[in-house]
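Report on the following structure.
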Amino acid sequence: ILNVEQSPQSLHVQEGDSTNFTCSFPSSNFYALHWYRWETAKSPEALFVMTLNGDEKKKGRISATLNTKEGYSYLYIKGSQPEDSATYLCALNTGFQKLVFGTGTRLLVSP
Amino acid sequence: DAGVTQSPTHLIKTRGQQVTLRCSPKSGHDTVSWYQQALGQGPQFIFQYYEEEERQRGNFPDRFSGHQFPNYSSELNVNALLLGDSALYLCASSRGTGTIYFGEGSWLTVV
Chain A
1 ILNVEQSPQS
11 LHVQEGDSTN
21 FTCSFPSSNF
31 YALHWYRWET
41 AKSPEALFVM
51 TLNGDEKKKG
61 RISATLNTKE
71 GYSYLYIKGS
81 QPEDSATYLC
91 ALNTGFQKLV
101 FGTGTRLLVS
111 P
Chain B
1001 DAGVTQSPTH
1011 LIKTRGQQVT
1021 LRCSPKSGHD
1031 TVSWYQQALG
1041 QGPQFIFQYY
1051 EEEERQRGNF
1061 PDRFSGHQFP
1071 NYSSELNVNA
1081 LLLGDSALYL
1091 CASSRGTGTI
1101 YFGEGSWLTV
1111 V
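Structure (structure tokens):
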């Protein structure tokens, strides 16, 4: 069973702080790693899909890296804003678009 | 272009009853997957439908069944409901290796 772990479970930062979370996994036996942003009462929103060791993706103030050799991915948010408050999920695509999710990191950004 | 739509958004059922949840995929998508998110956990893969057949299945009992229609919409059926089936049920759609989109989910409470 592929176990995807995310840390921390929750995070509370002030507006303007930069922050990062970790997604760790035991092996590189997957096709892609996905990051999703999930606001309460909305649908999870795809942020990044990463496939290669060393991949770096960026979308505005949010960026992500992937290290398949050491089994982790980092998500960075630069200059956090209150609208960044959400749960950030990482998931491994194990084939045919089947996702194995971590439990998520809940981010709260206070003004 | 409507994204993934799910219905109903909320429902309450009694133990032992049966429930049907519905999902319309994003336009152009032919693959539908269902996930269960219980409290404190990440979404867990239930099964996936492609070309009207179940292509992959997660570790869920046979009480969980589904169907995909020729227009690619899908249903998730759960028989003999247990209290532990109370959860958010998410539908995801995709085409090929493209972005996986999620609906807002159906909240099921079993009393």
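Listed in order, the protein sequences are those of chains A and B.
Position one of the first sequence corresponds to residue 1 (this note's numbering), numbered consecutively onward.
Position one of the second sequence corresponds to residue 1001 (this note's numbering), numbered consecutively onward.
Every residue, glycine too, gets a C-beta built ideally from N, C-alpha and C.
1. Rounded to whole angstroms, how far is the Cβ of Ser43(A) from the Cβ of Phe1102(B), which I believe are closer than 8 Å?
2. Could you tell me the distance, in whole angstroms, from the CA atom of Val1078(B) to the CA atom of Pro111(A)?
3. Taking any Cβ of chain B, which residues in the region 17-49 of chain A have a Cβ under 9 Å from it, in chain order?
4. Specify, as a first and last residue, the run of the beta strand (DSSP E) that Ala64(A) falls within.
5. Should the region 55-71 of chain A be regarded as contacting the region 97-108 of chain A, the criterion being three or more beta carbon pairs within less than 8 Å?
6. In terms of DSSP beta bridges, what is Asn20(A) paired with?
7. Is the region 61-75 of chain A in contact with the region 1023-1030 of chain B, if contact means three or more CB pairs nearer than 8 Å?
8. Between Asn3(A) and Phe25(A), what straight-line distance do the alpha-carbon atoms span, to the nearest angstrom?
9. Please list, in chain order, the chain A residues whose beta carbon lies closer than 9 Å to that of Phe1102(B).
10. Could you give the residue range of the beta strand (DSSP E) that holds Ile1046(B)?
11. What's the gap between the Cα of Gln1044(B) and the Cα of Ser1073(B)?
12. How would you label Gln1048(B), buried or exposed, when you count the other beta carbons within 10 angstroms and need 16 or more for buried?
13. Are Leu75(A) and Leu47(A) close, meaning C-beta to C-beta below 9 Å?
14. With distances taken from CA atoms, which of Gly95(A), Gly79(A), Gly16(A), Thr87(A) is nearest Thr22(A)?
15. Which whole-angstrom value describes the C-beta separation of Thr1009(B) and Ser1106(B), a residue pair presumed to lie in contact below a C-beta threshold of 8 Å?
16. Determine the direct distance from the alpha carbon of Gly1058(B) to that of Gly1042(B), and round the result to whole angstroms.
17. From Ser1094(B), Thr1109(B), Tyr1035(B), Val1111(B), pick the residue whose C-alpha is nearest to that of Val100(A); which is it?
18. Could you work out which residues of chain B lie near Gly60(A), taking near to mean beta carbons separated by less than 9 Å?
19. Which one or two residues does DSSP pair with Phe101(A) in a beta bridge?
20. So what does Phe1102(B) bridge to, in DSSP terms?
21. When burial is assigned at 16 or more other CB atoms within 10 Å of the CB, is Ala1002(B) buried or exposed?
22. Which same chain residues end up closer than 6 Å to Ser1033(B) when comparing Cβ atoms and leaving out the 5 residues on each side of it in sequence?
23. Comparing the C-beta of Tyr11(A) with each C-beta of chain B, is any distance below 9 Å?
Answer, in terms of the structure:
1. Rounded, the Cβ-Cβ distance is 5 Å, consistent with contact.
2. Cα atoms of Val1078(B) and Pro111(A): separation of roughly 43 Å, rounded to the nearest angstrom.
3. For the region 17-49 of chain A, which is checked against every Cβ of chain B, the residues closer than 9 Å are Tyr31, Ala32, His34, Tyr36, Trp38, Ala41, Lys42, Ser43, Pro44, Glu45, Ala46, Val49.
4. Residues 62-67.
5. Put simply, the region 55-71 of chain A does not touch the region 97-108 of chain A. Fewer than three CB pairs are less than 8 Å apart.
6. DSSP lists Tyr76(A) as the bridge partner or partners of Asn20(A).
7. With a cut-off of 8 Å, the region 1023-1030 of chain B and the region 61-75 of chain A do not count as touching, because too few Cβ pairs lie within range.
8. Roughly 6 Å separates the two Cα atoms.
9. The answer, in chain order, is Tyr36, Trp38, Ser43, Pro44, Glu45, Ala46.
10. Where Ile1046(B) is concerned, the enclosing beta strand (DSSP E) stretches over 1044-1050.
11. Those two C-alpha atoms are separated by around 20 Å.
12. Taking a 10 Å sphere around the C-beta of Gln1048(B), we find 16 or more other C-beta atoms and assign the residue as buried.
13. Closer than 9 Å, so yes.
14. Nearest C-alpha to Thr22(A): Thr87(A).
15. Yes, Thr1009(B) and Ser1106(B) are in contact; Cβ-Cβ is about 6 Å, under 8 Å.
16. Straight across, the Cα-Cα distance linking Gly1042(B) with Gly1058(B) is about 14 Å.
17. Nearest Cα to Val100(A) within the set Ser1094(B), Thr1109(B), Tyr1035(B), Val1111(B): Tyr1035(B).
18. In chain order: nothing, as chain B lies at least about 17 Å away.
19. According to DSSP, Phe101(A) bridges with Ala91(A).
20. In DSSP, Phe1102(B) forms a bridge with Ala1092(B).
21. Around the beta-carbon of Ala1002(B), fewer than 16 other beta-carbon atoms lie within 10 Å, marking it exposed.
22. Only residues of its own chain outside the window of five on either side were considered, and among them Gln1048, Ala1092 have a CB closer than 6 Å to the CB of Ser1033(B), listed in chain order.
23. It should be pointed out that residue 11(A) corresponds to Leu in this sequence rather than to Tyr. No, its Cβ sits nowhere closer than 9 Å to a Cβ of chain B.
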